[in-house]
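J.:
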Amino acid sequence: MATPLGRHVVGPVVALLFRLLMLEITLTHRCTKHTARISRRADPVASATVHAWLMLAAMTGVCLLPSLASAQSIFPVRSSARAAGPGVGTNITVTGRVDARCKLTLTSAVQNIPVSMINDEGRLDGPAFQSAIITALNQAGLRGWCSGANNQLVLTRTPFVLGTTGTPLNGFARAALFDVSVTVATPSQAYSDTTQDGPSGSSPAGTFGPTGSGADFSFTAPSGSGGLTQPVAINTSDANSTAATASFTRLSNSRMVAGGYSSTVTLEVRPGL
Amino acid sequence: MSKHLAIPFALLLTALVQPVVAQELPPEDTLIARQSITLGATTPALCKLGEGNPTTAAITGAMSDISGERIGRLRTNIAAMTIAVPGWCNGPSTLTVSAQPMLGPSFVDGPTTNVFSRAVNFRARALGWTPESTAPEMLTNATRTGTVLLPTGVSARLIPLPTEEIITINLDNFAAASDGLLVQGSYAGTVTITLGAN
């Protein structure tokens, strides 16, 4: 025994289904002749697609089947000897979209710098250490590609820090800041970013790395103008800071505490069309 | 005809039952390609001592009294001497001080010469890196004939933190072995401080 609510719901649903069935039958009949001609000539995949169009026709009330000629231009025909005959219908423009994508790969994500950070006076050996940093980064084998026309490179680094904090210990520095630049080259242009501006990122970069695993990224020392040309001792309590160079407090003439230091250099490529 | 009808109808029912959902793009963050390189570097443990100032310490004037009750014996008013040595260690370290007594010319010891001494002992302390009460120190221990015995004093101290400081070597408590009459001649001893990285 149906409840009042059931009667109110079931009735309209059945009516809707019946109406749609009638619509389906009508439109299918309208398009059947044309459909059959396409189905005979096209591949099974094409035939299934035609059925999908038919469903669309039932839903929209319009026969959207393309003419046989246009269908042949989309779906391969089984035999070229069967020429297309005259047809009726509407052309459909099929469009697609390739979203912007980027990918980066590394051959080695951990690089140990084989030279000492300091000179005989216990202070950072700036030129030698900077050179060793660049060499180590380039040995990581960073490659990548981007398919978009407006990508962005974002290169950041954390300072070299002893342990989890970089605050001075009894007057000795426990953190060192450095800057590097990265460049990826295309046949016509090179795109680059530097760490000195923190996570601000580069100007828009176009496509790069069209084949294989992409293009090589190359690290170099910054040219100056705000960037550090060699590492400096700093006072920082944040080992994970990727801030711009100007925001760090430098320690003049400080010696470095003995021990193992680590830093992380991160490159992001943000795809954009 | 019936075959063509059956498949679209089934598709139609499916389309009616299931809500139409637009294909969603991945969240923007998942589109970002990211790679990180971890760099490791080492600052080796290092200590360094600079040049002492002054480089030598000399007792001014004669070491022995030239008159009075203690004539011929070591003066009792020899002032302490200091030498400043800059130094630093960038990690835990050990500061050690060692000393050799001041020795004069040899002599033949015998019943008639046993009142003489050719050794002047003293205390050497390395001040400045630790509290004075724990400063490393050594007291030389030589006999009047110049035989060097084991010294006394805690001569090595551990400094746990990196340190950069002036080490002040303090020499005092001069005393002739057995308080003997000092043999005539020049006397010389040595003091050595060592900074070792732990």
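Protein chains in written order, with the working numbering: chain G, 1267 to 1539; chain C, 885 to 1082.
Beta carbons are placed, not taken as given, at the ideal position from N, Cα and C, and that holds for glycine.
Of all the options G:Thr1532, G:Asn1385 and G:Val1498, which has the alpha carbon lying nearest to the alpha carbon of Ser1447 of chain G?
T.: Checked all of G:Thr1532, G:Asn1385 and G:Val1498; the closest Cα to Ser1447 of chain G is G:Thr1532.
J.: Give me the chain C residues within the contact set of Ile1379 of chain G, using Cβ-Cβ distance strictly less than 9 Å, ordered along the chain.
T.: Against Ile1379 of chain G, the close residues of chain C are Leu923, Gly924, Ala925 and Thr926, in the order they occur along the chain (beta-carbon pairs closer than 9 Å).
J.: Would you kindly check if the distance between the Cβ of Phe991 of chain C and the Cβ of Phe1000 of chain C is under 8 Å?
T.: yes
J.: For Gly924 of chain C, which option in G:Arg1536, G:Gly1526, G:Val1535 and G:Pro1537 has the closest C-alpha, if you only look at C-alpha atoms?
T.: G:Gly1526
J.: Label Pro1090 of chain C either buried or exposed according to how many other C-beta atoms from any shown protein chain fall within 10 Å of its C-beta, with 16 as the threshold for buried.
T.: The first residue shown for chain C is 885 and the last is 1082, placing residue 1090 of chain C beyond what the model contains.
J.: Pro989 of chain C bridges to which residues according to DSSP?
T.: Beta-bridge pairing links Pro989 of chain C to no other residue.
J.: From G:Ala1406, G:Gly1362 and G:Val1450, pick the residue whose C-alpha is nearest to that of Gln1083 of chain C; which is it?
T.: Coverage of chain C is limited to positions 885 through 1082, which leaves residue 1083 of chain C absent and any answer about it impossible.
J.: What is the DSSP secondary structure of Ser1447 of chain G, counted as helix, strand or coil?
T.: Strand at Ser1447 of chain G.
J.: Using alpha carbons as the reference points, say which of G:Arg1409, G:Arg1536, G:Phe1514 and G:Gly1388 lies closest to Ala1375 of chain G.
T.: Out of G:Arg1409, G:Arg1536, G:Phe1514 and G:Gly1388, G:Arg1409 has the C-alpha closest to the C-alpha of Ala1375 of chain G.
J.: For a cutoff of 8 Å on Cβ pairs, would you count Glu935 of chain C as touching chain G?
T.: So, not an interface residue.
J.: I want to verify the contact list: residues of chain C whose CB lies under 9 Å from the CB of Arg1536 of chain G, in sequence order.
T.: Glu912, Leu915, Ile916 and Ala917
J.: Going by other Cβ atoms of all chains shown within 10 Å of its Cβ, with 16 needed for buried, is Gly1064 of chain C buried or exposed?
T.: Within a 10 Å sphere around the beta-carbon of Gly1064 of chain C sit 16 or more other beta-carbons, which makes this residue buried.
J.: Where does Thr980 of chain C sit, in a helix, a strand or coil, going by DSSP?
T.: Taken through DSSP and simplified to helix, strand or coil, Thr980 of chain C comes out as strand.
J.: Do Tyr1457 of chain G and Phe1444 of chain G come within 8 Å of each other at the CB atom, strictly closer than that value?
T.: no
J.: By Cβ distance, which residues of its chain are closer than 6 Å to Thr1530 of chain G, with the 5 residues on each side in sequence left out?
T.: Thr1424
J.: Mind checking who Val1454 of chain G pairs with in its DSSP beta bridge?
T.: The sequence given here has Ser at residue 1454 of chain G, not Val. Partner(s): none; Ser1454 of chain G has no beta bridge.
J.: If you pair each beta-carbon of the region 1418–1432 of chain G with each one of the region 1490–1507 of chain G, do three or more pairs fall below 8 Å?
T.: yes
J.: Under 8 Å between C-beta atoms, does Asn1436 of chain G make it to chain C?
T.: yes
J.: Within 10 angstroms of its Cβ, does Val1038 of chain C collect 16 or more other Cβ (buried), or is it exposed?
T.: Exposed, because fewer than 16 other Cβ atoms sit within 10 Å of the Cβ of Val1038 of chain C.
J.: With a cut-off of 8 Å, does the C-beta of Ala963 of chain C fall near any C-beta of chain G?
T.: At a cut-off of 8 Å between C-beta atoms, Ala963 of chain C does not count as an interface residue with respect to chain G.
J.: Alpha carbon to alpha carbon, what distance is there between Lys1369 of chain G and Val1343 of chain G?
T.: At Val1343 of chain G, the pLDDT of 38 sits below 50, so the modelled position is not reliable; the number obtained from the coordinates is stated separately. Near 38 Å, if we compare the C-alpha coordinates of Lys1369 of chain G and Val1343 of chain G.
J.: Looking at the strands, I want to know which residues DSSP matches up with Glu1049 of chain C.
T.: C:Gly971
J.: Less than 6 Å between C-beta atoms, sequence neighbours within five positions excluded: which residues of the same chain meet that for Ser1336 of chain G?
T.: Confidence in Ser1336 of chain G is poor, its pLDDT being 41 and thus under 50, which makes the residue's placement too unreliable to answer from.
J.: Measure the CB-CB distance between Ala1471 of chain G and Leu1421 of chain G and report whether it falls below 8 Å.
T.: no
J.: For the region 1016–1023 of chain C and the region 973–981 of chain C, state whether three or more C-beta atom pairs, one from each stretch, are separated by less than 8 Å.
T.: Counting C-beta pairs with one atom in each stretch, the region 1016–1023 of chain C and the region 973–981 of chain C have three or more that are closer than 8 Å, which means they touch.
J.: Measuring alpha carbon to alpha carbon, tell me which of G:Val1535, G:Gly1538 and G:Pro1465 ends up nearest Thr1511 of chain G.
T.: G:Pro1465
J.: Tell me the DSSP secondary structure of Thr1036 of chain C in three-state form.
T.: Here Thr1036 of chain C sits in strand by DSSP.
J.: When the cut-off is 8 Å and only beta carbons count, does Thr1018 of chain C lie next to chain G?
T.: no
J.: Does the beta-carbon distance from Arg1521 of chain G to Trp1013 of chain C come in below 8 Å?
T.: no
J.: In the region 1385–1400 of chain G, which residues sit with their C-beta less than 7 Å from some C-beta in chain C, listed in chain order?
T.: Gly1388 and Ile1399
J.: Please list the residues of the region 1418–1450 of chain G that have a C-beta atom closer than 7 Å to any C-beta atom in chain C, keeping them in chain order.
T.: Phe1426, Leu1435, Asn1436, Gly1437 and Phe1438
J.: Taking beta-carbon pairs under 7 Å, can you tell me which members of the region 1468–1479 of chain G lie near chain C?
T.: none
J.: Taking beta-carbon pairs under 7 Å, can you tell me which members of the region 1041–1074 of chain C lie near chain G?
T.: Here the close residues are Leu1045, Pro1046, Thr1047 and Glu1048.
J.: Where in the region 990–1021 of chain C do unbroken runs of the beta strand (DSSP E), each at least 3 residues long, occur, reported from the N-terminal end onward?
T.: 1003–1011
J.: Output the distance between the C-alpha atoms of Glu1523 of chain G and Leu1435 of chain G, rounded to the nearest integer angstrom.
T.: Looking at the sequence itself, residue 1523 of chain G is Val, so the reference to Glu does not match. C-alpha separation (whole angstroms): 7 Å.
J.: Do Val1535 of chain G and Ala917 of chain C come within 8 Å of each other at the CB atom, strictly closer than that value?
T.: yes
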